[in-house]
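Worksheet for the structure shown next.
Residue numbers (our numbering): 26 to 330.
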């Protein structure tokens, strides 16, 4: 059973406990938070917390998450673009449209199904039955490098690097508008959107989130940007760039409401990955090219400049 501890801050005073929990606990909906509270799995000071409890802003809240229900993730022969592989890790260049792991609405046809076919039983179990081998995630309509662990030893080592930021993830994106500076950092906490539970947002008391960015190329009305994640929150780059007033091109959730012709989803690609090999300790640095549709967008902008 996994346990989470979340500290309420003064800015949380007066919030309903169920709404606050859904805001602060990544991946937890309000209805799921209510179920956990009704089951007595959410406590403060050792006492169960009611869903309509109003926070004072100083509580330490403990959540006992139930074990995930087992699912039958079946191996499926889905082509993989393998960039690196050995006995401990595998790194794949994920295409747009491919969901990382099974979830409601996506029971199969995911990266996990493809990895089970490719790797057989050689995937770590740390992530549970729903996410064997998965160390970190990439949005469905974001492409690029993602690393998976083939055993628990490798998984634990890579997870530790995510925590201490020695596992570096580099992204490229095109954002709307012209960023004033040549480089900068967005240090803004991210949590569940207050009114739209399917979205994330910069919110007071959210989970710490830091994105470093630098402008690579400028065009009229657009900027080609490289981003380096210090943390890995859901939709982090998309939320942070939208927060600066420069949403990612093609992002219909955090930016324009209409899709960009010739572009599936957002123009965002995980181009680079650096980590210390969990077994040897040696540095591994990997990269992959931009997808064709990303290159086409850049060429269109260059031709108009």
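Beta carbons: idealized from backbone N, C-alpha and C, even for Gly. As the structure is a computational prediction, the values presented were derived from the model and not from experiment.
Exercise. If you run the structure through DSSP and keep just helix, strand and coil, what is residue 189?
Worked result: Sequence index remark: in the chain shown, residue 189 carries index 164 (1-based). Judged by DSSP in its simplified three-state form, residue 189 adopts helix.
Exercise. How long is the line joining the alpha carbons of residue 30 and residue 252, rounded to whole angstroms?
Worked result: Taking the chain shown and counting its residues from 1, one reaches residue 30 at position 5. Taking the chain shown and counting its residues from 1, one reaches residue 252 at position 227. Their Cα atoms are separated by approximately 30 Å.
Exercise. CB-CB under 6 Å to residue 239, same chain, minus the five flanking residues each way: which ones, in chain order?
Worked result: Translated into positions along the chain shown, residue 239 becomes position 214. Closer than 6 Å at the Cβ level, and outside the excluded window around residue 239, lie 208, 251.
For this session: Identify every run of the alpha helix (DSSP H) within the stretch 166–242, keeping only runs that are complete inside it and at least 4 residues long; order them along the chain.
Result: Here the runs fully enclosed are 177–189.
Problem set entry | CB of residue 264 within 7 Å of CB of residue 275, strictly | Here residue 264 refers to the residue found at position 239 of the chain shown. Here residue 275 refers to the residue found at position 250 of the chain shown. In this structure, residue 264 lies away from residue 275, with their beta-carbon atoms at least 7 Å apart.
Exercise. At which residues does the alpha helix (DSSP H) containing residue 56 begin and terminate?
Worked result: Locating residue 56 in the chain shown gives position 31, counting from the first residue. 55–63 is the extent of the alpha helix (DSSP H) around residue 56.
For this session: Quickly, what does DSSP pair residue 73 with across the bridge? List them, please.
Result: Here residue 73 corresponds to residue number 48 of the chain shown, with the count starting at 1. Residue 73 pairs with 68.
Exercise. Thinking just about the alpha-carbon of each residue, which of 215, 282, 136 is nearest to the one in residue 161?
Worked result: Within the chain shown, residue 161 is the residue found at index 136, counting from 1. Nearest option by C-alpha distance: 136.
For this session: Pull up the distance between the alpha-carbon of residue 311 and that of residue 168, whole angstroms please.
Result: Residue mapping note: residue 311 aligns to position 286 of the chain shown, counting from 1. Residue mapping note: residue 168 aligns to position 143 of the chain shown, counting from 1. Cα-Cα distance, rounded: 15 Å.
Exercise. So the beta strand (DSSP E) residue 294 belongs to, where does it begin and stop?
Worked result: Numbered from its first residue, the chain shown carries residue 294 at position 269. Its beta strand (DSSP E) spans residues 293–301.
Problem set entry | Residue from 101, 118, 316 whose Cα sits closest to the Cα of residue 108 | For this step, residue 108 is matched to residue 83 along the chain shown. Comparing Cα-Cα distances from residue 108 to each of 101, 118, 316, the minimum goes to 118.
For this session: Please decide whether residue 75 counts as near chain D, where near means a Cβ-Cβ distance under 7 Å.
Result: Of the chains in the structure shown, none is chain D; there is only one protein chain.
Exercise. Expressed to the nearest angstrom, what Euclidean distance is found between the alpha-carbon atoms of residue 56 and residue 327?
Worked result: Position 31 of the chain shown, counted from the start, is the residue given in the question as residue 56. Position 302 of the chain shown, counted from the start, is the residue given in the question as residue 327. Going from the Cα of residue 56 to the Cα of residue 327 covers about 47 Å.
For this session: With a threshold of 16 other CB atoms inside 10 Å of the CB of residue 261, please say whether the residue is buried or exposed.
Result: If you number the chain shown from 1, residue 261 lands on position 236. Counting the other CB atoms within 10 Å of its CB gives residue 261 a total of 16 or more, which places it among the buried residues.
Exercise. Three-state secondary structure (DSSP) at residue 87?
Worked result: Against the chain shown, residue 87 aligns to sequence position 62. Residue state, collapsed to three classes: strand.
For this session: With DSSP as the reference, label residue 46 as helix, strand or coil.
Result: Position 21 of the chain shown, counting from 1, holds the residue named residue 46. Helix, per DSSP.
Problem set entry | Three-state class that DSSP yields for residue 148 in the structure shown | Along the chain shown, one-based indexing puts residue 148 at 123. In this structure, DSSP gives residue 148 a state outside helix and strand, which the three-state scheme calls coil.
Exercise. For residue 156, is the classification buried or exposed, using 16 other Cβ atoms within 10 angstroms of its Cβ as the cut-off for buried?
Worked result: For the purposes of this step, residue 156 is identified with residue 131 of the chain shown, where counting begins at 1. Residue burial is scored here from C-beta neighbours: residue 156 has at least 16 other C-beta atoms within 10 angstroms and is therefore classed as buried.
For this session: Compare the Cα-Cα distances from residue 124 to each of 163, 98, 100, 114 and report the closest residue.
Result: Position 99 of the chain shown, counted from the first residue, corresponds to residue 124. The option with the nearest alpha carbon to residue 124 is 163.
Exercise. At which residues does the beta strand (DSSP E) containing residue 115 begin and terminate?
Worked result: As a position in the chain shown, residue 115 is number 90, starting the count at 1. Counted as a single uninterrupted DSSP element, the beta strand (DSSP E) harbouring residue 115 occupies residues 114–119.
Problem set entry | Beta carbon of residue 323 nearer than 7 Å to that of residue 198 | Position 298 of the chain shown, counted from the first residue, corresponds to residue 323. Position 173 of the chain shown, counted from the first residue, corresponds to residue 198. Taking C-beta atoms as the reference points, residue 323 and residue 198 fail to come closer than 7 Å.
For this session: Kindly indicate which residue of 165, 176, 120, 130 has the alpha-carbon position closest to the one of residue 144.
Result: In the chain shown, residue 144 corresponds to position 119, counting from 1. Among 165, 176, 120, 130, the Cα nearest to that of residue 144 belongs to 176.
Problem set entry | Limits of the beta strand (DSSP E) - the one that residue 28 falls within | Numbered from 1 along the chain shown, position 3 holds the residue referred to as residue 28. First-last of the beta strand (DSSP E) with residue 28: 27–32.
For this session: Could you check if residue 248 is buried or exposed, using at least 16 other CB atoms within 10 Å of its CB as the buried criterion?
Result: Taking the first residue of the chain shown as 1, we reach residue 248 at position 223. Only buried fits residue 248, as 16 or more other CB atoms lie within 10 angstroms of its CB.
Exercise. Which two residues bound the contiguous alpha helix (DSSP H) that contains residue 274?
Worked result: Within the chain shown, numbered from 1, the residue matching residue 274 stands at position 249. No alpha helix (DSSP H) holds residue 274; DSSP gives it neither H nor E.
Exercise. Quick one: what's got a C-beta closer than 6 Å to residue 33's C-beta in the same chain, skipping five residues either side?
Worked result: If you number the chain shown from 1, residue 33 lands on position 8. Around residue 33: 80, 82, 84.
Exercise. Since residue 17 is in the beta strand (DSSP E), which residue starts that stretch and which ends it?
Worked result: In the structure as shown, the chain begins at 26 and stops at 330. Residue 17 is therefore absent and cannot be evaluated.
Problem set entry | Contact belief for residue 1 with residue 122 at Cβ below 8 Å, rounded distance in angstroms | In the structure displayed, the chain extends from 26 to 330; residue 1 sits before or after that span and is not available.
For this session: Indicate the three-state DSSP secondary structure (helix, strand or coil) for residue 159 in the structure shown.
Result: By 1-based counting over the chain shown, the position of residue 159 is 134. In the three-state DSSP reduction, residue 159 falls in the strand class (E or B).
Exercise. Are residue 42 and residue 114 closer than 7 Å when you measure CB to CB?
Worked result: Locating residue 42 in the chain shown gives position 17, counting from the first residue. Locating residue 114 in the chain shown gives position 89, counting from the first residue. At least 7 Å separates the beta-carbon of residue 42 from that of residue 114.
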